[in-house]
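For the sequence shown, numbering that gives the first Met the number 0 assigns the number 0 to the initial residue and increments by one for each residue that follows. Take a look at the structure set out below.
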Amino acid sequence: MRRQRRRRNKRDILIDLTSLLDVVFIFLMVVLYNQQNETREAQAKNIEASEIMEQAKVQLELYTDQMDSVDNLCLVSVYARYEPDNITQRHLSIQKKGEEIEEIELIGNNTKEALDTLQSSLRAYIELNKEKPVILSLNEKDENILYRDEKEILIIFDKLKHELNNVYIK
Numbered sequence: 000m001r002r003q004r005r006r007r008n009k010r011d012i013l014i015d016l017t018s019l020l021d022v023v024f025i026f027l028m029v030v031l032y033n034q035q036n037e038t039r040e041a042q043a044k045n046i047e048a049s050e051i052m053e054q055a056k057v058q059l060e061l062y063t064d065q066m067d068s069v070d071n072l073c074l075v076s077v078y079a080r081y082e083p084d085n086i087t088q089r090h091l092s093i094q095k096k097g098e099e100i101e102e103i104e105l106i107g108n109n110t111k112e113a114l115d116t117l118q119s120s121l122r123a124y125i126e127l128n129k130e131k132p133v134i135l136s137l138n139e140k141d142e143n144i145l146y147r148d149e150k151e152i153l154i155i156f157d158k159l160k161h162e163l164n165n166v167y168i169k
């Protein structure tokens with residue numbers, strides 16, 4: 000007997016899909032795992048960006064407050080110097096915020112009148128701006144200022160600071 004070959008129809012082909020389903024399932028698991036990792040990384044970056052944004056907001060508020068406070072400050076700078084060829088002739092330049100530079104001459108050893116003029120000028124400016132803090136500064140420890148002048152001016156600053164509550168010394 001001869002065996003007859005049987006022709007198989009395409010409908011009759013049986014394929015074992017178990018291994019193919021295993022590969023598809025493994026591929027799906029890898030894709031899901033990668034997606035979870037990307038989601039976690041995106042959430043971490045989002046949290047970090049939110050923290051940086053909050054810090055930036057705080058710094059912006061601080062900067063804005065500082066800029067507002069600068070507008071509320073009154074600065075007075077006293078610059079003392081002497082003539083190189085005549086040490087008995089000294090000059091005081093007073094720069095007040097919003098005003099012209101005022102010049103006072105110190106000549107010789109009798110400087111009481113000039114220092115009184117300095118004190119009255121500073122007092123008038125401070126009392127004019129009594130609702131604002133006033134910062135007084137001097138070119139201390141500078142080669143252009145004599146020690147005795149520096150000492151006298153700092154005494155005036157200290158006296159004004161103790162008499163008026165809105166005065167600060169730099």
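Where a beta carbon is used, it is the ideal one built from N, C-alpha and C, also for glycine.
Rounded to whole angstroms, the gap between the alpha carbons of L163 and L135 is 12 angstroms.
Sequence-distant Cβ neighbours of C73 in its own chain, meaning closer than 6 angstroms and more than five residues away, are K96, N128, K131, V133.
Across the structure, S49 and V57 are spaced so that their CA atoms are roughly 12 angstroms apart. As summarised for the stretch 26-83, the continuous beta strand (DSSP E) elements at least 3 residues long and confined to that stretch are 73-82, given in chain order. Membership of L121 in the alpha helix (DSSP H) is indicated by the continuous run 111-127. C-alpha of N143 to C-alpha of L91: approximately 11 angstroms in a straight line. Under the DSSP definition of a beta bridge, V23 lacks any partner.
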